[in-house]
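Residues 214 to 439 in the numbering used here are what the sequence shown lists, from first letter to last.
By construction, the Cβ of each residue, glycine as well, lies at the ideal position given by its N, Cα and C atoms.
Since the model is a prediction, treat every value here as computed from it, not as a measurement.
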Amino acid sequence: MEKLLLIEDDLAIGELLVERLAEEGFEVHWERTGTSGLTAALNGNYDLVLLDIMLPGINGFDICREVRRHRRMPILMLTARTEEEEQVLGLGLGADDYITKPFSLTTLVARIRAHLRRFRLATAETGIIQVGPLVIDPVACRVTRNGRELNLTAKEFELLLHFARNPNRVFTRGQLYEAVWKEPYLGDDNTVMVHIRRLREKIQPEETDPELIQTVRGLGYRFVVV
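Structure follows, in structure tokens:
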């Protein structure tokens, strides 16, 4: 199920969109202020953002600018204002589309699906994987977190890539060793444990960061994608 982030302060519009988009098979997370919306966009794992412009806290233009610096998912801006200059500004900041209120829900859903389809195709062509604040580029062997490149060793990168390609699956230390080191596992847990500890320190440097690599007691590790 594709996950959408709705940032909209109007109660009636928000409730209507959440209900209708859920009927269309989307999972919708709704934030009603610019501040909470920006936090959700940067830290969550969403396929597309529906972004109002006039918001309490931080306006939609500033949110769009900040999100686009760090994340790649489509951004559709929603507004009751029709000035061409605003549309040009929003698109120039990195928005993928600009939808004027009032709008047809049928048209909105069609445009959401179109942008999701284009994004999936573009992602498939490059092989890029995005998980929360992380963007993993298998071709360039490059990982960024909130737009900043991480300095990973070759094995740390291979370990992260293996996890990201198999989200929410539990791996034993032996399975990880054989998948990444390409050698028979002879019971040396320390190699895997040290690499996972160092990888965790780099991809989630703050104690308050969501735990991406989760220890499953008695079994091994899981890369958590919600």
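Look at the alpha carbon of K395 and the alpha carbon of I409, and state the distance between them as a whole number of angstroms. 17 Å
So, using beta-carbon positions, are F239 and L217 closer together than 8 Å? yes
Span of the beta strand (DSSP E), counted from its first residue to its last, around L218: That run of the beta strand (DSSP E) goes K216 to I220.
Roughly how many angstroms separate the alpha carbons of V280 and G360, rounded to a whole number? 10 Å
Considering only the alpha carbon of each residue, which of L365, L289 and F274 lies closest to L306? F274
With three or more beta-carbon pairs closer than 8 Å as the criterion, would you say the segment 328-336 touches the segment 373-380? Below 8 Å, too few C-beta pairs join the segment 328-336 and the segment 373-380 to call them touching: fewer than three.
Could you spell out where the beta strand (DSSP E) holding E240 opens and where it closes? E240 to E244
Suppose the cutoff is 7 Å on Cβ atoms and the five residues either side in sequence are ignored; what does the same chain contact list for R435 look like? N381, R382, V383, Q427 and V429.
If L302 and I276 are in contact, beta carbons under 8 Å, what's the gap, nearest whole angstrom? Not confirmed; about 13 Å, so no contact.
Could you pull the start and end residues of the beta strand (DSSP E) that I312 belongs to? D310 to T313
Relative to the C-alpha of G185, which residue among Q417, L318 and D260 is closest? Lying outside 214 to 439, the shown extent of the chain, residue 185 is not represented and no answer is given.
Measuring straight from C-alpha to C-alpha, what distance separates L412 and F316? 46 Å
On the criterion of 16 or more Cβ atoms from any shown chain inside 10 Å, does P287 qualify as buried, or is it exposed? buried
In DSSP terms, what I349 is bridged to: I342 and V356
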